[in-house]
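Shown next, in structure tokens, is the structure this report addresses.
Number of protein chains: 2
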Amino acid sequence: MLEDKNTHRTDLSQLGEFGLIDLLTRDFPLHNPSSLKGIGDDAAVIDFGEEKAVVSTDLLIEGVHFNLAYMPLKHLGYKAIMVNLSDICAMNALPTQVTVSLAVSNRFPVEALQELYEGIRLACDIYKVDLVGGDTTSSTRGLILSVTALGKAPLEKIVYRNGAKENDLIVVTGDLGAAYMGLQILERENEVFKVNPNLQPDLEPYQYLIERQLKPEARKDIISLLEALEVRPTSMMDISDGLSSELLHICKQSHVGCRLMEDKIPLDPTLINVCEEFALSSTMVALSGGEDYELLMTIAPADYDKIKGNPNLTVIGYITDESLGCNLITRANEAIPLKARGWNAF
Amino acid sequence: MLEDKNTHRTDLSQLGEFGLIDLLTRDFPLHNPSSLKGIGDDAAVIDFGEEKAVVSTDLLIEGVHFNLAYMPLKHLGYKAIMVNLSDICAMNALPTQVTVSLAVSNRFPVEALQELYEGIRLACDIYKVDLVGGDTTSSTRGLILSVTALGKAPLEKIVYRNGAKENDLIVVTGDLGAAYMGLQILERENEVFKVNPNLQPDLEPYQYLIERQLKPEARKDIISLLEALEVRPTSMMDISDGLSSELLHICKQSHVGCRLMEDKIPLDPTLINVCEEFALSSTMVALSGGEDYELLMTIAPADYDKIKGNPNLTVIGYITDESLGCNLITRANEAIPLKARGWNAF
Numbered sequence: 003m004l005e006d007k008n009t010h011r012t013d014l015s016q017l018g019e020f021g022l023i024d025l026l027t028r029d030f031p032l033h034n035p036s037s038l039k040g041i042g043d044d045a046a047v048i049d050f051g052e053e054k055a056v057v058s059t060d061l062l063i064e065g066v067h068f069n070l071a072y073m074p075l076k077h078l079g080y081k082a083i084m085v086n087l088s089d090i091c092a093m094n095a096l097p098t099q100v101t102v103s104l105a106v107s108n109r110f111p112v113e114a115l116q117e118l119y120e121g122i123r124l125a126c127d128i129y130k131v132d133l134v135g136g137d138t139t140s141s142t143r144g145l146i147l148s149v150t151a152l153g154k155a156p157l158e159k160i161v162y163r164n165g166a167k168e169n170d171l172i173v174v175t176g177d178l179g180a181a182y183m184g185l186q187i188l189e190r191e192n193e194v195f196k197v198n199p200n201l202q203p204d205l206e207p208y209q210y211l212i213e214r215q216l217k218p219e220a221r222k223d224i225i226s227l228l229e230a231l232e233v234r235p236t237s238m239m240d241i242s243d244g245l246s247s248e249l250l251h252i253c254k255q256s257h258v259g260c261r262l263m264e265d266k267i268p269l270d271p272t273l274i275n276v277c278e279e280f281a282l283s284s285t286m287v288a289l290s291g292g293e294d295y296e297l298l299m300t301i302a303p304a305d306y307d308k309i310k311g312n313p314n315l316t317v318i319g320y321i322t323d324e325s326l327g328c329n330l331i332t333r334a335n336e337a338i339p340l341k342a343r344g345w346n347a348f
Numbered sequence: 003m004l005e006d007k008n009t010h011r012t013d014l015s016q017l018g019e020f021g022l023i024d025l026l027t028r029d030f031p032l033h034n035p036s037s038l039k040g041i042g043d044d045a046a047v048i049d050f051g052e053e054k055a056v057v058s059t060d061l062l063i064e065g066v067h068f069n070l071a072y073m074p075l076k077h078l079g080y081k082a083i084m085v086n087l088s089d090i091c092a093m094n095a096l097p098t099q100v101t102v103s104l105a106v107s108n109r110f111p112v113e114a115l116q117e118l119y120e121g122i123r124l125a126c127d128i129y130k131v132d133l134v135g136g137d138t139t140s141s142t143r144g145l146i147l148s149v150t151a152l153g154k155a156p157l158e159k160i161v162y163r164n165g166a167k168e169n170d171l172i173v174v175t176g177d178l179g180a181a182y183m184g185l186q187i188l189e190r191e192n193e194v195f196k197v198n199p200n201l202q203p204d205l206e207p208y209q210y211l212i213e214r215q216l217k218p219e220a221r222k223d224i225i226s227l228l229e230a231l232e233v234r235p236t237s238m239m240d241i242s243d244g245l246s247s248e249l250l251h252i253c254k255q256s257h258v259g260c261r262l263m264e265d266k267i268p269l270d271p272t273l274i275n276v277c278e279e280f281a282l283s284s285t286m287v288a289l290s291g292g293e294d295y296e297l298l299m300t301i302a303p304a305d306y307d308k309i310k311g312n313p314n315l316t317v318i319g320y321i322t323d324e325s326l327g328c329n330l331i332t333r334a335n336e337a338i339p340l341k342a343r344g345w346n347a348f
């Protein structure tokens, strides 16, 4: 659990709740002038002036969302922040503040929580968001993290899930499926480790996939890119559950259908190789994998010229009338109805 | 766990995450024009215009913060919201929105969660706050609730913990200690019930105390009262841990001392009787009890005439220079140093 097994362990009870909060949060400088009051009062105070506030929250439970056997605590802290910043970005807003609540059983020494907060601080530093509050308590079992993120945007820039229109292009950032395959590799190595703890796995060929699982990034850069390109998506959401599930959300909430082109889905070469090794369909992994935290959006056809050739943005299909349903167009040019998990051929 | 034991039980897996969210949150009308977008997108959108946003968060864990053996789920939902609204009120701000994240093990049927959300809805209705988001997930054990509340206030009205000045009066709302004694009674009856489930306890004499434990109210009314009286406290916080612990927070953060008068602490007559029955000091219960969610504030001496005789506000002491320390002045006129838990005579 701790990277250095010889590290000194301080029992949580030696510090008390307030001592622990002080220790964990003392190195969090405030980056945003809108953070009028941070940690240390009943509530944080935030000044959004003329901008609108955007708020998102996520709850992460040990044994459900993460396994500390292969998720180092620093990475967990970083990822917990990213998951929430990604939701803010998915509104076309800029993240500004986070609150972090933590419940831990007494099996965690203070040093473990400091590692967790190192990851949180790194995320706050890189993304220029302020930790402004939280709650710390004990749990009867395991580690529980609850993060709430706030962001801001002028009202006319905010993008919902329900604005996709017929003939809009479906666009995705980055590549898909890598985070899921990273998890498959970590789980496989964990099983191997249980059988023979002395076996040192060579994870070098899988580095990209593992990093996508352990250290995802929220696409804050895309919010700036869209502004620079003068593109306001008609709908947008982040890909946490998987491409097909998210695209179905957009279509349902926008009352439209879609045609998703299998051959356009962006895949990293490593992913294709490892899917072969695991005898999995890379398309299915990209459709159902989840946790990539890329952005899925629809844009008006008139905006195509603005995004054409941009390496960050890939057109993967288009929006149709609702009556035509939501379909994957395979490489064999067959239309298969999309399902929330993969498609019905599986 | 369910009030009506014959109620139909629907397994959580029948609904799926999104079905569950739909079911639980469909009856939450939005009360505030500032709630531009509620549940159903990556994040809620909130319009604070010229007012400042205030944000607070709390994490509640089964077996740590509540025991479902004597805490009905509807009450738990209500209380989880109150705990957070109380923090917003403690900033002299008005609560406007909440997010609720929920993790449950599969021992909870859908109907149990609906009961929980009935309490949440009741709290939202009475306090005119909007449920605007959340997260729903499974837990490996028990029920976990994470609530984040947002509120608003003009900057010049917001009250921190660090503004208490020498000679300020210490003021408390309502009466103290009742929630703690309510818990003692519920725990005693739970032990009796374990020994003999057929024994029907007569809880009538304890009704006030039990209600203070199971259904606390955030003092939103006091925020309006202070405005009507034209009083802006110099410092304020809510009493969740206990009077002495909270007063020590204010003194520490304001760099002042205090003299708290034992004979001025407001106690309900029921509390005094039940403390005798339990052979507990009612002063100690009021100082250390916690969970009353009353407001503790300091006001400038010049404001005394404005609050004099108001039944909601009791002067319980005054602020001194830091060098004089934090003391309880007993009925025998002795000064005893205040401790976070009771005082050092215990």
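Residue numbers (my numbering), protein chains in the order written: chain A, 3 to 348; chain B, 3 to 348. Beta carbons: idealized from backbone N, C-alpha and C, even for Gly.
#1: In the DSSP assignment, find the unbroken alpha helix (DSSP H) run with B/Y119 in it and report its ends.
#2: Could you list the residues in the segment 145-160 of chain A with a C-beta less than 8 Å from some C-beta on chain B, going in chain order?
#3: Using CA coordinates, which residue listed in B/Y162, B/L216, B/L330 is at the minimum distance from B/N69?
#4: Could you tell me whether any Cβ in chain B is nearer than 8 Å to the Cβ of A/L61?
#5: Quick check on DSSP: helix, strand or coil for B/D137?
#6: Closer than 8 Å between beta carbons: that is the criterion. Which residues of the segment 32-51 of chain A meet it against chain B?
#7: Near B/L330, which residues of its chain fall below 7 Å by C-beta distance, leaving aside the five closest residues on each side in sequence?
#8: Which same chain residues end up closer than 8 Å to A/E324 when comparing Cβ atoms and leaving out the 5 residues on each side of it in sequence?
#9: Within 8 Å of any Cβ in chain B, is that where the Cβ of A/R11 sits?
#10: Does any residue of chain B have a CB that is nearer than 8 Å to the CB of A/K54?
#11: Short of 7 Å in beta carbon distance, which residues of its chain neighbour B/Y182, apart from the five on each side in sequence? Order them along the chain.
#12: Here's the rule I'm using: 16 or more other beta-carbon atoms within 10 Å means buried, otherwise exposed. How should A/E5 be labelled?
#13: Could you check if B/S103 is buried or exposed, using at least 16 other CB atoms within 10 Å of its CB as the buried criterion?
#14: So B/T142 contacts chain A; which residues on that side make the cut at Cβ distance below 9 Å?
#15: In whole angstroms, give me the CA-to-CA distance for A/R333 and A/A45.
#16: Quick check: what's the CA-CA separation for B/T272 versus B/P207?
#17: Beta-carbon within less than 8 Å of A/F50's beta-carbon, same chain only, minus the 5 sequence neighbours each way: which residues are those?
#18: Quick check: the segment 105-119 of chain B against the segment 166-174 of chain B, are there 3 or more CB pairs under 8 Å?
#19: So with Cβ pairs under 8 Å, would you call B/Y72 a contact of chain A?
#20: Identify the residues that DSSP records as bridge partners of A/C328: which are they?
#21: Look up B/L171 in the DSSP assignment and give the residues it is bridged to.
#22: Any C-beta of chain B within less than 7 Å: which residues of the segment 102-118 of chain A qualify?
#23: Using 8 Å for Cβ pairs, my map puts A/L38 next to A/I23. What's the rounded Cβ distance?
#24: Taking A/V134 as the query, report the chain B residues whose CB atoms sit under 8 Å from its CB, ordered along the chain.
#25: How about B/K308 and B/E219: do their beta carbons lie closer than 8 Å?
#26: Any C-beta of chain A within less than 8 Å: which residues of the segment 276-302 of chain B qualify?
#27: Given that a residue counts as buried once 16 or more other Cβ atoms are within 10 Å of its Cβ, and exposed if not, what is A/N86?
#28: Consult DSSP for B/I2 and reduce its assignment to one of helix, strand or coil.
#29: May I ask you to list the residues that DSSP assigns as paired with B/I146?
#30: Using the Cα positions of B/N275 and B/T316, report the straight-line distance between them to the nearest angstrom.
#31: Restricting to Cα atoms, I'd like to know which of A/H77, A/S284, A/L32 is closest to A/Q99.
#32: What's the C-alpha gap between B/I187 and B/R11?
#33: 8 Å is my cut-off, CB to CB: does B/Y162 come that close to chain A?
#34: Can you find the residues in the same chain that come closer than 8 Å, C-beta to C-beta, to B/L205, ignoring five residues on each side of it along the sequence?
#35: Kindly indicate which three-state DSSP category A/D43 falls into: helix, strand or coil?
#36: Please classify A/K310 as buried or exposed, where buried requires at least 16 other C-beta atoms within 10 Å of its C-beta.
Checking against the coordinates, here is how it stands:
#1: Run containing B/Y119: 112-129, per the alpha helix (DSSP H) assignment.
#2: I146, S148, T150, A151, L152, G153, L157, I160
#3: B/L216
#4: yes
#5: strand
#6: L38, K39, G42, D43, D44, A45, A46, V47, I48, D49, F50, G51
#7: L262, E264, I338, L340, W345
#8: C253, H257, V258, G259
#9: no
#10: yes
#11: V287, G291, G292, E293
#12: Because the pLDDT at A/E5 is just 49, under 50, the model does not fix this residue reliably, and the value given afterwards should be weighed accordingly. Classification of A/E5: exposed, given that the 10 Å Cβ count is below 16.
#13: buried
#14: In chain order: I63, E64, G65, V66, R143, G144.
#15: If I take the Cα positions, the gap works out to 54 Å.
#16: 8 Å
#17: S36, K154
#18: Too few Cβ pairs lie closer than 8 Å, so no.
#19: no
#20: A/C260
#21: Beta-bridge annotation (DSSP): B/L171 is paired with B/I301, B/Y320.
#22: Hits within the stretch, in order: S103, A105.
#23: Between A/I23 and A/L38 the Cβ distance is about 20 Å, and since that is not below 8 Å, they are no contact.
#24: By Cβ distance, chain B contributes V57.
#25: No, these two residues do not count as a Cβ contact at 8 Å.
#26: Cβ proximity to chain A below 8 Å picks out nothing from the segment 276-302 of chain B.
#27: buried
#28: Only positions 3 to 348 of chain B appear in the structure, and residue 2 of chain B is not among them; the question remains open.
#29: B/I63, B/A105
#30: Spanning the two alpha carbons is a distance of roughly 21 Å.
#31: A/L32
#32: 31 Å
#33: Answer yes: the Cβ-Cβ gap between B/Y162 and chain A drops below 8 Å somewhere.
#34: Excluding positions up to five away in sequence, the list reads I187, E191, I212.
#35: In this structure, A/D43 counts as coil in the three-state DSSP scheme.
#36: exposed
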